[in-house]
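Asker: The following block contains the structure, expressed as structure tokens.
There are 2 protein chains.
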Amino acid sequence: MNMGNVAVEQGCLRVTPLSSGRCTVCGVREAAFCAVLSPSELQQLHAISSHKIFEQGELIVEEDATVRQVANVLGGTIKLFKLLPDGRQQITGFLFAGDFLGPMLSGEYATFAEAVGRVELCVFDQDRLRERMDAWPHLERRLFEDATATLDRALDWMLLLGRKTAGERVASFFVMLADRVGPKDEPQALIEVPMSRSDIADYLGLTMETVSRQISQLKRTGLVRAPSQHMLELTDLAALRRIAEGSDERR
Amino acid sequence: MNMGNVAVEQGCLRVTPLSSGRCTVCGVREAAFCAVLSPSELQQLHAISSHKIFEQGELIVEEDATVRQVANVLGGTIKLFKLLPDGRQQITGFLFAGDFLGPMLSGEYATFAEAVGRVELCVFDQDRLRERMDAWPHLERRLFEDATATLDRALDWMLLLGRKTAGERVASFFVMLADRVGPKDEPQALIEVPMSRSDIADYLGLTMETVSRQISQLKRTGLVRAPSQHMLELTDLAALRRIAEGSDERR
DNA sequence: CGGGCTCTTGACTCAGCTCAAGATTTGTGG
DNA sequence: CCACAAATCTTGAGCTGAGTCAAGAGCCCG
Numbered sequence: 000m001n002m003g004n005v006a007v008e009q010g011c012l013r014v015t016p017l018s019s020g021r022c023t024v025c026g027v028r029e030a031a032f033c034a035v036l037s038p039s040e041l042q043q044l045h046a047i048s049s050h051k052i053f054e055q056g057e058l059i060v061e062e063d064a065t066v067r068q069v070a071n072v073l074g075g076t077i078k079l080f081k082l083l084p085d086g087r088q089q090i091t092g093f094l095f096a097g098d099f100l101g102p103m104l105s106g107e108y109a110t111f112a113e114a115v116g117r118v119e120l121c122v123f124d125q126d127r128l129r130e131r132m133d134a135w136p137h138l139e140r141r142l143f144e145d146a147t148a149t150l151d152r153a154l155d156w157m158l159l160l161g162r163k164t165a166g167e168r169v170a171s172f173f174v175m176l177a178d179r180v181g182p183k184d185e186p187q188a189l190i191e192v193p194m195s196r197s198d199i200a201d202y203l204g205l206t207m208e209t210v211s212r213q214i215s216q217l218k219r220t221g222l223v224r225a226p227s228q229h230m231l232e233l234t235d236l237a238a239l240r241r242i243a244e245g246s247d248e249r250r
Numbered sequence: 000m001n002m003g004n005v006a007v008e009q010g011c012l013r014v015t016p017l018s019s020g021r022c023t024v025c026g027v028r029e030a031a032f033c034a035v036l037s038p039s040e041l042q043q044l045h046a047i048s049s050h051k052i053f054e055q056g057e058l059i060v061e062e063d064a065t066v067r068q069v070a071n072v073l074g075g076t077i078k079l080f081k082l083l084p085d086g087r088q089q090i091t092g093f094l095f096a097g098d099f100l101g102p103m104l105s106g107e108y109a110t111f112a113e114a115v116g117r118v119e120l121c122v123f124d125q126d127r128l129r130e131r132m133d134a135w136p137h138l139e140r141r142l143f144e145d146a147t148a149t150l151d152r153a154l155d156w157m158l159l160l161g162r163k164t165a166g167e168r169v170a171s172f173f174v175m176l177a178d179r180v181g182p183k184d185e186p187q188a189l190i191e192v193p194m195s196r197s198d199i200a201d202y203l204g205l206t207m208e209t210v211s212r213q214i215s216q217l218k219r220t221g222l223v224r225a226p227s228q229h230m231l232e233l234t235d236l237a238a239l240r241r242i243a244e245g246s247d248e249r250r
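If you read the protein sequences in the order shown, they are chains S and Z. Terminal number for the first sequence in numbering that gives the first Met the number 0: 250, no gaps in between. Terminal number for the second sequence in numbering that gives the first Met the number 0: 250, no gaps in between.
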């Protein structure tokens with residue numbers, strides 16, 4: 000558990016005027032929803048966008064905040080989380096480059112969002128984006144698909160939180176990271192782990208200590224190696240996958 | 000945990016020819032997505048629909064099954080769940096009258112679906128429904144909204160599964176039931192609990208025994224009364240809500 | 001009214017938590 | 001580039017909430 004530095008400031012996306020370059024050269028263009036737009040549509044979208052930076056640990060949005068802005072993540076990692084009154088925290092997901100931040104239909108965020116390390120966003124006014132969504136059915140469809148993918152991931156995580164052992168959870172976490180940020184289809188992968196042990200714990204429904212012990216265990220077994228604190232080499236992704244799915248001899 | 004009667008049969012919605020009455024007199028019309036359709040649209044929808052019954056414990060769909068059909072729940076309760084290879088089960092949600100069953104965009108179900116008691120469905124061919132969705136933006140929007148609501152509920156449940164105590168989970172469960180199937184805004188409610196203790200446990204990430212002990216505890220405290228096994232009277236919904244949210248003295 | 005469920009309760013166990021040192025790593029300033 | 005403080009991470013020892021195993025008690029249905 001982790002009381003966290005939730006020294007909530009104003010709780011709203013603050014817009015900085017900056018807007019670097021055109022959408023056509025954007026690094027996450029292919030990964031983000033913009034991928035479904037034509038060049039002329041992209042140009043219209045560019046007109047209602049602006050860039051914005053959040054530093055390590057900054058709160059980006061509050062739960063239940065009524066917000067007029069949504070965004071694409073250009074770089075960095077965001078944690079989405081919920082809190083209980085006494086400070087218990089559950090991370091409901093992480094956003095990486097190319098992911099969409101914000102409620103797509105309702106005006107309210109369902110979770111808090113905080114920057115894990117420095118984050119760069121491409122921000123849109125929600126009303127204007129919704130106008131575009133009304134005008135371009137393929138854009139709405141794409142956002143619908145994103146929501147569906149997010150839901151599928153949430154259901155998988157419910158299985159993890161409700162029924163998996165600590166060892167299976169940690170293995171699942173690394174597999175998830177490899178699938179989402181690592182090179183595709185590599186039998187072994189060197190991945191960045193931008194979040195703290197305590198964030199990992201809050202994502203897995205465990206304590207920091209248990210996460211640490213399980214990682215040590217994996218190192219001893221030789222399934223992972225750690226060149227540095229926030230770098231991890233998954234030496235046997237297939238075995239990790241088996242543990243994650245609970246097929247192997249339990250623990 | 001619960002190995003369940005997953006004696007998977009053919010795993011597909013089987014269509015019976017029956018089709019009782021017109022949509023205009025349908026009992027769940029206002030609750031289901033059909034509510035956004037005009038009379039003439041409703042008539043077109045009716046042309047591609049058929050009714051179907053599943054008995055207690057019948058498997059309605061398998062996880063990852065590629066299915067050509069989706070449905071509205073007309074009556075009864077459906078449990079949606081995931082399994083680990085060794086039989087550990089996590090229920091990801093329940094569907095009640097008016098709810099939509101099926102993947103809205105992809106062709107694959109993310110979970111198993113099983114009838115809790117007798118279930119009546121209004122079944123649609125998925126391709127035909129998608130045609131309607133393409134033709135009627137307000138229908139797509141409505142299904143998008145449903146998906147968003149389902150996602151929000153899943154996020155709340157992640158907090159429950161990751162961070163709440165057994166007592167808080169059981170209280171949350173009853174509050175959820177009251178909110179979804181009970182009369183609205185009643186300070187106390189008499190609700191039907193169609194699912195078994197073991198299903199409740201698989202929804203809450205607990206064992207049957209722990210659920211049973213927690214319910215006994217609530218009875219002793221006087222917060223609930225049980226006229227029968229599957230009937231529950233929530234005598235102090237506000238207090239239950241407080242426990243569910245973890246604000247009260249823990250446990 | 002009896003046999004098979006499902007549910008409840010009790011006694012004991014254990015996976016993961018808590019509390020408490022240490023050990024690393026990171027960041028900072030001289 | 002090094003020293004040193006702060007933060008983060010690891011490890012250990014003991015505790016505990018929920019699980020497991022095992023009786024019973026109710027309930028339902030033929």
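Where a beta carbon is used, it is the ideal one built from N, C-alpha and C, also for glycine.
1) Could you please give the first and the last residue of the uninterrupted alpha helix (DSSP H) stretch that includes Val174(S)?
2) Quick check: the region 113 to 124 of chain S against the region 38 to 48 of chain S, are there 3 or more CB pairs under 8 Å?
3) Please return the same chain residues whose Cβ sits closer than 8 Å to the Cβ of Ala188(Z), not counting the five positions on each side in sequence.
4) Any idea if Pro54(S) is buried or exposed, counting beta-carbon neighbours within 10 angstroms, 16 or more meaning buried?
5) Per DSSP, what kind of secondary structure is Val60(S) in: helix, strand or coil?
6) Which class does Phe93(S) belong to by DSSP, given the choice of helix, strand or coil?
7) So what does Met230(Z) bridge to, in DSSP terms?
8) Tell me the DSSP bridge mates of Thr76(S)?
9) Would a check of beta-carbon distances place Thr149(S) closer than 8 Å to chain Z?
10) By alpha-carbon positions, which one of Gln228(S), Pro226(S), Gln213(S) ends up nearest to Leu239(S)?
11) Taking the C-alpha atoms as reference points, what is the distance between Leu150(S) and Ala96(S)?
12) So Lys81(S) packs on Phe93(S), CB below 8 Å; how close in whole Å?
13) Cα separation between Cys33(Z) and Met103(Z)?
14) Go ahead and pull the three-state DSSP assignment for Leu154(Z).
15) Does the region 155 to 166 of chain S come into contact with the region 53 to 70 of chain S, if we say contact requires no fewer than three beta-carbon pairs (one atom in each stretch) closer than 8 Å?
16) Considering only C-alpha positions, which residue in the set Tyr108(S), Ala30(S), Val223(S) is nearest to Ala148(Z)?
17) Helix, strand or coil, according to DSSP, for Ser49(Z) in the structure here?
18) What three-state label does DSSP hand Asp133(S) in the structure shown?
19) Does any C-beta atom of chain Z lie closer than 8 Å to the C-beta of Trp135(S)?
20) Count the other C-beta atoms from every protein chain shown that fall within 10 angstroms of the C-beta of Asp85(S), then say buried if there are 16 or more, exposed otherwise.
21) I'd like to know if Leu158(S) contacts chain Z, where contact means its C-beta is closer than 8 Å to some C-beta of that chain.
22) Does chain S have any CB closer than 8 Å to the CB of Glu244(Z)?
23) Are any of the Cβ atoms in chain Z nearer than 8 Å to that of Glu144(S)?
24) In the region 157 to 181 of chain S, which residues sit with their C-beta less than 7 Å from some C-beta in chain Z, listed in chain order?
25) What residue range does the alpha helix (DSSP H) around Asp198(Z) cover?
26) Under a Cβ-count criterion, where at least 16 other Cβ atoms within 10 Å of its own Cβ denotes burial, should Ala31(Z) be classed as buried or exposed?
27) Could you tell me whether any Cβ in chain S is nearer than 8 Å to the Cβ of Arg87(Z)?
28) Output yes if chain Z places a C-beta closer than 8 Å to the C-beta of Glu40(S); else output no.
29) With a 10 Å radius around its C-beta and 16 neighbouring C-beta atoms as the bar for buried, classify Val24(Z) as buried or exposed.
30) According to a CB-to-CB cut-off of less than 7 Å, which residues of the region 69 to 85 of chain S neighbour chain Z?
31) Going by C-alpha to C-alpha distance, which of Arg224(S), Gln43(S), Leu100(S) sits closest to Glu113(S)?
32) Just the chain S side, please: which residues come within less than 8 Å of Ala153(Z) by C-beta, in chain order?
33) Please report whether the beta-carbon of Ser105(Z) lies at a distance below 8 Å from any beta-carbon of chain S.
Answerer: In short, the structure shows the following:
1) 165 to 180
2) yes
3) Ala177, Gly181, Pro182, Glu232, Leu233, Leu236
4) It is worth fixing the name first, because residue 54(S) is Glu in this sequence and not Pro. Exposed.
5) strand
6) strand
7) Glu191(Z), Ser227(Z)
8) Val115(S)
9) yes
10) Gln213(S)
11) 19 Å
12) Between Phe93(S) and Lys81(S) the Cβ distance is about 14 Å, and since that is not below 8 Å, they are no contact.
13) 15 Å
14) helix
15) no
16) Tyr108(S)
17) strand
18) helix
19) no
20) exposed
21) yes
22) yes
23) yes
24) Met157, Leu158, Leu160, Gly161, Arg162
25) 196 to 203
26) buried
27) yes
28) no
29) exposed
30) Lys81, Leu83, Pro84, Asp85
31) Leu100(S)
32) Leu150, Ala153, Leu154, Met157
33) yes
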